[in-house]
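Structure first, commentary second.
Residue numbers (full-length UniProt numbering): 1 to 353.
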């Protein structure tokens, strides 16, 4: 199907920021007449233009807004958000390797150096796309991309998860943790989830075999017989768990973490300090011939996302959604406040069109 540009607007609504701030309220503006760039006739390479129907927030969105090291790789005018669900409205001249065409409904995790999610139209590299299953609404589908990509890379690629493995998911009620429980169970693991009292029933319903309420029990004291093949930390408590790695993890096991302190990317110093900490733990693990230690940042990968989405769809999993918010300045700012509180149950979604 060829590009048909006659129905597309010349201007669009878009959230933007240019000056870094620890507060989204200070950084964000809502531009109701932003130019549609690039135009459908100026799409290059394997990019596609997607009409965004829904987006979702992740902690990395407001962490990037703080500026710091990643800012050097970002455009001058930045659109926040990395999760989208939408419809392809135009394709670039080389966007033909994976069979996507105008009219296809897709999901994607975006790259932070490109256009973001909180906008009516965004440009996406074809390699980042996955097809949206019909049974999910766009609001549901937008909740998956970043967390599904992250979980697959954490559990399968770095954690080497196998059927029958015993897995601990720390932060099992959050946006990433809920998907971690779902994917780990779908892959045949025995799952222990860690969460607060209010979220115990939620994590049980997701399929966790055991749930530890961290307000009542210390997971490192409850499990002391090298119980786990894999520990997946989604909330930044890895230091406490790693200190007990000799008793909680099997010698051949892995601890995979995705979250550091909120200020990790703020300055070259904090970024370097995080790197030194990772290096120390990895070298220590190697010298002791103990469990593996991994801290990583997920990057867009349409093939990985497709595997995760297909598995979640085939097992009839549904995303855990904390809230669906309107595409207005007050509503989006409230959504960022909720994300920064670290108290969201599942994903925070923005309905765009």
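We treat Cβ as the ideally placed atom computed from N, Cα and C, and that holds for glycine.
Being a predicted model, the structure only gives us computed values, none of them experimental.
Between residue 349 and residue 127, the gap from beta carbon to beta carbon reaches 8 Å or more.
The continuous alpha helix (DSSP H) containing residue 24 extends over residues 24 to 27. Under DSSP, residue 31 shares a beta bridge with 14. Every alpha helix (DSSP H) stretch that sits fully inside the region 82 to 165 and reaches 4 residues is listed by chain position as 138 to 141, 145 to 152. Residue pairing by DSSP places residue 232 opposite 169, 256 in a beta bridge. Boundaries of the alpha helix (DSSP H) harbouring residue 201: 200 to 205, taken from the DSSP string. With respect to the C-alpha of residue 15, the residue from 332, 147, 93 having the closest C-alpha is 332. In this structure residue 192 is in contact with residue 210, their Cβ atoms being roughly 4 Å apart against a cut-off of 8 Å.
For residue 215, same chain residues with a beta-carbon under 6 Å away, outside a window of 5 residues either side, are 196, 197 in chain order. Shortest Cα-Cα distance from residue 136 to any of 316, 330, 352, 340 involves 316.
Nearest to residue 254 by C-alpha distance, out of 12, 226, 206, is 226. Residue 339 and residue 62 have their C-alpha atoms roughly 8 Å apart. Non-local beta-carbon contacts of residue 307 in its own chain, meaning distances under 7 Å to residues more than five positions away in sequence, involve 152 in chain order. Here the region 95 to 110 lies against the region 76 to 83, with 3 or more beta-carbon pairs under 8 Å apart.
DSSP places residue 331 in no beta strand (DSSP E) but in the uninterrupted alpha helix (DSSP H) bounded by 329 to 340. Take the alpha-carbon of residue 236 and the one of residue 200: they are about 19 Å apart. Assignment of beta-bridge partners to residue 351 by DSSP yields 54, 326. Secondary structure of residue 47 (DSSP, three-state): strand. Using a Cβ distance threshold of 8 Å, residue 50 and residue 124 count as a contacting pair. Closest option to residue 175, judged by alpha-carbon separation, among 353, 352, 345: 345. Burial check for residue 10: the Cβ neighbour count within 10 Å stays below 16, so the residue is exposed.
In this structure, the straight-line span from the alpha carbon of residue 146 to that of residue 323 is close to 17 Å.
Inter-residue distance for residue 181 and residue 156 is about 13 Å (C-alpha atoms, whole angstroms). Judged by DSSP in its simplified three-state form, residue 217 adopts coil rather than helix or strand.
With respect to the 8 Å criterion, residue 298 and residue 149 are classified as neighbours on the basis of their beta carbons. If you compare the alpha carbons of 27, 18, 183 with that of residue 329, the shortest gap goes to 27. Between the C-alpha atoms of residue 291 and residue 229 there is a straight-line separation of about 9 Å.
By a beta-carbon distance limit of 8 Å, residue 154 contacts residue 258. Their separation comes to about 6 Å. With fewer than 16 neighbouring CB atoms inside 10 Å of its own CB, residue 103 falls in the exposed class.
Short of 6 Å from the beta carbon of residue 311, and not among the five residues preceding or following it, lie these beta carbons of its own chain, in chain order: 186. The C-beta separation of residue 78 from residue 116 comes to about 7 Å, placing the pair in contact by the 8 Å criterion. Annotation: residue 142 to residue 304 spans about 16 Å, alpha carbon to alpha carbon.
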